[in-house]
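Engineer: In this note's numbering, the protein residues as written are 11 to 310. From the three backbone atoms N, C-alpha and C, an ideal C-beta is built for every residue, glycine too. Take this structure first; my questions come after.
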């Protein structure tokens, strides 16, 4: 039964109650006479009846206002749900636009493999029913990240440490290679768009756009992506100057590990230059841009 029907029923009951009371009064007392006692009784009756009717009308009014308030709350809730949905759609679109700007900024050398998955990883609580614009990095008691931003920052700190090392033990070059692969595939969810080049790292025959001769070409885009994500989530950005992406020691450690100690490993290096295939140790006779120029002149 609707509120309108309830109010009509309430009014009919009150009217019937008033008529019944006055009818019983007329039936038992008779016509109003000049007797003051009869007038006194009738006045008391009127007072009681109108008090009850007034109370009923007040209750009916409160019920009507309560129903109106409930309907207004439902309308407001629907409007808020619509607004939240629009904010969510616009937020995702803005996030995707920023990713595409980064791709264009770095000459389309990479693309984001799963932009939607990256958004969901950065904003795990966002949905069409809830949209938050900020996310804070989270860590466990060991300082390891427990969410996407926390994992990203903890791995970037580890990368910065590697880039400032001048000596590497036997296992650290592989740890560094795995760290770079993790940043590419799991953290930033990017993949290269260009064909494999001399020195590109492969893991189980998959390419990640990481070149042991020029880590800067991979690390710089990663730092750009990291700072975009931090800025987009309302967090302080990392200082790119802290990352020595052109470290000669890191480059030589990777070359020694993956060119001079070739074997059946999950991680390999793409090589097309016959001179390096036949004599890997010749790589170390070159360094920096001179070495790279030599490589590309051989490929030309």
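For residue 279, list the residues DSSP reports as bridge partners.
Structural biologist: Partner(s): 211.
Engineer: Could you pull the DSSP bridge partners for residue 228 from this structure?
Structural biologist: According to DSSP, residue 228 bridges with nothing at all.
Engineer: According to the Cβ coordinates, are residue 194 and residue 223 closer than 9 angstroms?
Structural biologist: Not in contact: residue 194 and residue 223 (Cβ atoms no closer than 9 angstroms).
Engineer: If I follow the unbroken alpha helix (DSSP H) through residue 219, where does it start and stop?
Structural biologist: First-last for residue 219: 216 to 221, but that is the beta strand (DSSP E), not the alpha helix (DSSP H).
Engineer: For the stretch 170 to 187 and the stretch 102 to 117, state whether three or more C-beta atom pairs, one from each stretch, are separated by less than 8 angstroms.
Structural biologist: Too few Cβ pairs lie closer than 8 angstroms, so no.
Engineer: Rounding to the nearest angstrom, what Cα-Cα distance links residue 239 and residue 199 in this structure?
Structural biologist: About 13 angstroms.
Engineer: With three or more C-beta pairs closer than 8 angstroms as the rule, is the stretch 256 to 266 touching the stretch 160 to 170?
Structural biologist: The answer is no - the stretch 256 to 266 does not touch the stretch 160 to 170, with fewer than three Cβ pairs under 8 angstroms.
Engineer: With C-beta atoms as the reference, is residue 139 less than 9 angstroms away from residue 209?
Structural biologist: Not in contact: residue 139 and residue 209 (Cβ atoms no closer than 9 angstroms).
Engineer: Based on the DSSP secondary-structure assignment, which residues constitute the bridge partners of residue 137?
Structural biologist: In the DSSP output, where bridge partners are listed per residue, residue 137 has 140.
Engineer: Taking the alpha-carbon of residue 321 as reference, which of 143, 160, 145 has the nearest alpha-carbon?
Structural biologist: What the structure shows of the chain is the stretch from 11 to 310, and residue 321 is not part of that stretch, so it cannot be assessed.
Engineer: Terminal residues of the continuous beta strand (DSSP E) containing residue 124?
Structural biologist: Per DSSP, residue 124 belongs to no beta strand (DSSP E) and is neither H nor E.
Engineer: Assuming residue 237 and residue 147 are in contact, meaning their beta carbons sit under 8 angstroms apart, how far apart are those beta carbons, in whole angstroms?
Structural biologist: Residue 237 to residue 147, Cβ: 14 angstroms. No contact.
Engineer: Looking only at its own chain, which residues have a Cβ that is under 7 angstroms from the Cβ of residue 102, when we skip the five neighbours before and after it?
Structural biologist: Correct list, in chain order: 129.
Engineer: Considering only the beta carbon of each residue, do residue 177 and residue 259 sit closer than 9 angstroms?
Structural biologist: In contact: residue 177 and residue 259 (Cβ atoms closer than 9 angstroms).
Engineer: So residue 104 packs on residue 125, CB below 8 angstroms; how close in whole Å?
Structural biologist: Not a contact, Cβ separation roughly 12 angstroms.
Engineer: Quick one, are the C-beta atoms of residue 214 and residue 131 less than 9 angstroms apart?
Structural biologist: Contact: no.
Engineer: Would you kindly report the start and end of the unbroken alpha helix (DSSP H) that includes residue 161?
Structural biologist: Residue 161 -> alpha helix (DSSP H) spans 158 to 173.
Engineer: Provide the residue span of the alpha helix (DSSP H) that contains residue 183, from first to last.
Structural biologist: Residues 182 to 192.
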